[in-house]
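Right, one structure below, let's go through it.
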Amino acid sequence: MSGVEDVDAQRKNYRRPHNAHNPIPTVQKYREEKQRRQDEYGHPDGASNEPSTRDRLGDAVNVFRHGRDVELDNDGNGPYQARNKNIEQDEQIADDHAGKNTPEQKDQNLAKDQDDEDGLQDTTEDGMISSDPKQARKDMKKFKADGADREVTDPITHLPIQIHDYTDRELKSTAKNPPPVGSDPRTMTGKDAINKSDEHLEDEWQESQDSHVGMQALFPPPSFDRTRSEITTVYMQAVTVGVGAAAISLMLVNTLFWPTRHATGWGRQLWKATELSTMAVISTAIILFMRQWSENKIKNVWDAEVWQAERQRGQRLAKTQTAESTQWLNSLFASVWPLINPDLFTSISDTLEDVMQASLPSMVRMVAVEDLGQGSEALRILGVRWLPTGGAARSVGSDGNLKSPDEEKGDRTVEESDDSGEGQDDQPQQDTMEAEDGDFVNVEVAFAYRPSTGKGIKSRAKHAHLLLAFYMPGNIKIRKFCLPKHPSFTYTS
Numbered sequence: 149m150s151g152v153e154d155v156d157a158q159r160k161n162y163r164r165p166h167n168a169h170n171p172i173p174t175v176q177k178y179r180e181e182k183q184r185r186q187d188e189y190g191h192p193d194g195a196s197n198e199p200s201t202r203d204r205l206g207d208a209v210n211v212f213r214h215g216r217d218v219e220l221d222n223d224g225n226g227p228y229q230a231r232n233k234n235i236e237q238d239e240q241i242a243d244d245h246a247g248k249n250t251p252e253q254k255d256q257n258l259a260k261d262q263d264d265e266d267g268l269q270d271t272t273e274d275g276m277i278s279s280d281p282k283q284a285r286k287d288m289k290k291f292k293a294d295g296a297d298r299e300v301t302d303p304i305t306h307l308p309i310q311i312h313d314y315t316d317r318e319l320k321s322t323a324k325n326p327p328p329v330g331s332d333p334r335t336m337t338g339k340d341a342i343n344k345s346d347e348h349l350e351d352e353w354q355e356s357q358d359s360h361v362g363m364q365a366l367f368p369p370p371s372f373d374r375t376r377s378e379i380t381t382v383y384m385q386a387v388t389v390g391v392g393a394a395a396i397s398l399m400l401v402n403t404l405f406w407p408t409r410h411a412t413g414w415g416r417q418l419w420k421a422t423e424l425s426t427m428a429v430i431s432t433a434i435i436l437f438m439r440q441w442s443e444n445k446i447k448n449v450w451d452a453e454v455w456q457a458e459r460q461r462g463q464r465l466a467k468t469q470t471a472e473s474t475q476w477l478n479s480l481f482a483s484v485w486p487l488i489n490p491d492l493f494t495s496i497s498d499t500l501e502d503v504m505q506a507s508l509p510s511m512v513r514m515v516a517v518e519d520l521g522q523g524s525e526a527l528r529i530l531g532v533r534w535l536p537t538g539g540a541a542r543s544v545g546s547d548g549n550l551k552s553p554d555e556e557k558g559d560r561t562v563e564e565s566d567d568s569g570e571g572q573d574d575q576p577q578q579d580t581m582e583a584e585d586g587d588f589v590n591v592e593v594a595f596a597y598r599p600s601t602g603k604g605i606k607s608r609a610k611h612a613h614l615l616l617a618f619y620m621p622g623n624i625k626i627r628k629f630c631l632p633k634h635p636s637f638t639y640t641s
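Take any residue in the sequence shown, count from 1 to its spot, add 148: that is its number in this note's numbering.
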């Protein structure tokens, strides 16, 4: 056998078993499928296998230059036979190991070829079955895609997959590519972007603003049923705890002022006013505390439900075949995130230690970053958006406005300093930005990080964490006095 046949023989071809949905192919079904293709895409060219006028002229020239014997020996494919030299060297080593056919193998191959010729062959791969390169190129030029589906083996997954050839009709319906980068004002960079008009900058600003609003819409609303139940629980707890605390506090105040009930005159009125004031202060404090607690609790519940809704939406989208989604990137991050070596953050921890060491109070001697880890839950990418170049090719002046093209061209000239110094303190100076040089691409990535809520320490240990250690050495001196007198107790009624 040849090298191509060896590869074809060893190739694994996984196919589904035949059943009601995948019936056994028959000659009648093949003829019906062939007739359907001819009716839908037109009849194939019957003379496609016949040589063209150019091929006939080329063959005539070869016969005139090299003779008719060469044409007969090489089947009209030129004076040299196209073959793999490596396979030919292997054939010269040994007859039984290098691929030469023994008489028994030749008989088996001949019978196999006869069986293949009797069988039916799919016409969708006619341009790729020839082993001769020249003949294969001819067949590919004459090949006409019919758009019929065929089953092949995926070289990546090694599983059967249905594919079809693109026809001219599908190619015409395909969307055209956008203009090349740099030919459109939205993608201009470098010196070409300096001459952008104010109208272009205004349009790009509006486009960026609209896209930013669309990016914010990626945060879905929470599940209202679950949020309603959580808020109801918070209100019930607030009312129960608030009313209970107020009642207990009033009872305690009344008990404390119980001995003053026998007072008379102005003393009784004074004690009564003090009792009422104490009750009012305690009640007001309880109301304010429960109000703030309820507000914080409801805010945390709302944020948690929003994040839970986004996580559930991502899980639903990951199970569907959604195009142009960032869920594949989130799945990649979730797989790679735990594999990141924590030693990569050593430089960050050292820098953080140096910054904190410079601003420590006098009572703290040293601070150290004991642990800095990214956790097992990765960042979530909410969206990726390409941005126009905008006004990046222009510099931003001290007044916060873009410089004009004329100012950009004369930016290298040295300006004379104003010695008078008048009017400099009237308006605050803003940070300036230099113009971006070269080619660049602007991309906006919306991401968020919020780990799943957990009550236990074991679940919180999987979050991104930073462990700091503060060293505060010192001495404490305590003096105790021992008194021989016993404490005195008094009772008043």
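Note that CB positions come from ideal geometry on N, CA and C, so glycine has one too.
Collapsing the DSSP output to three states places Met336 in coil.
Contact between the segment 533-546 and the segment 580-592 is established, with three or more Cβ pairs separated by less than 8 angstroms. DSSP places Tyr383 in the uninterrupted alpha helix (DSSP H) bounded by 372-404.
A straight line joining the alpha-carbon of Arg317 with that of Pro308 spans about 26 angstroms. If you draw a straight line from the Cα of Trp534 to the Cα of Gln176, it comes to about 53 angstroms. For the pair Val503 and Ala612, the Cα-to-Cα distance works out to about 21 angstroms. Taking C-beta atoms as the reference points, Gly295 and Thr315 count as a pair closer than 7 angstroms. Remark: C-beta atoms of Arg334 and Pro553 do not approach each other more closely than 7 angstroms. With a 10 Å radius around the Cβ and a threshold of 16 neighbouring Cβ atoms, Leu550 comes out buried.
Setting aside the 5 residues that flank it on each side, Ile342 is surrounded in the same chain by Ala541, Arg542, Pro553, Glu556, each with a C-beta closer than 7 angstroms to its C-beta; the list follows chain order.
For Val589, there is no enclosing alpha helix (DSSP H), as DSSP marks it with neither H nor E. The DSSP-derived three-state label of Tyr314 is coil. Secondary structure note for Arg528: its beta strand (DSSP E) is the uninterrupted segment 528-535.
Around the C-beta of Gly415, fewer than 16 other C-beta atoms lie within 10 Å, and the residue is accordingly described as exposed. DSSP places Pro490 within a helical segment (H, G or I) once states are collapsed to three. Non-local C-beta neighbours of Ser397 in its own chain, meaning closer than 6 angstroms and more than five positions away in sequence, comprise Ile430, ordered along the chain.
The segment 477-488 makes contact with the segment 515-524: 3 or more CB pairs, one atom from each, lie closer than 8 angstroms. Judged by their CB atoms, Met427 and Val401 are nearer to each other than the 7 angstroms cut-off.
For His611, there is no enclosing alpha helix (DSSP H), as DSSP marks it with neither H nor E.
For Met363, the enclosing alpha helix (DSSP H) has its first and last residue at 346-364.
When the five nearest sequence neighbours on each side are left out, the beta carbons in the same chain lying within less than 7 angstroms of the beta carbon of Leu500 are those of Val517, in order along the chain. The shortest CA-to-CA distance from Gln364 to any of Glu378, Ala594, Leu205 is the one to Ala594. The bridge partners DSSP lists for Val517 are Leu616.
For the 7 angstroms CB-CB criterion, Val454 and Glu378 do not form a contact. When the alpha-carbon of Pro370 is set against those of Arg459, His312, Leu616, Thr474, the nearest one is in Arg459. Beta-bridge partners assigned by DSSP to Thr301: Pro308. For the pair Asp187 and Trp476, the Cα-to-Cα distance works out to about 41 angstroms.
With contacts defined as CB atoms closer than 7 angstroms, Val512 and Met384 fail to qualify as a contacting pair. Taking Lys286 as the centre and dropping the five residues before and after it, the same chain places the C-beta of Asp203 closer than 8 angstroms to its C-beta, in chain order. For Val484, the enclosing alpha helix (DSSP H) has its first and last residue at 475-484. In the structure shown, the three-state DSSP call for Ala596 is strand. Relative to Gly362, the option among Met581, Val532, Cys630 whose CA is nearest is Val532. Ile434 places its beta carbon less than 7 angstroms from that of Ala393. Here the alpha carbons of Asp351 and Gln357 stand approximately 10 angstroms from one another. When DSSP states are grouped into helix, strand and coil, Met427 belongs to the helix group.
With a beta-carbon spacing of about 26 angstroms, Thr494 and Ile529 fall beyond the 8 angstroms limit used to define contacts.
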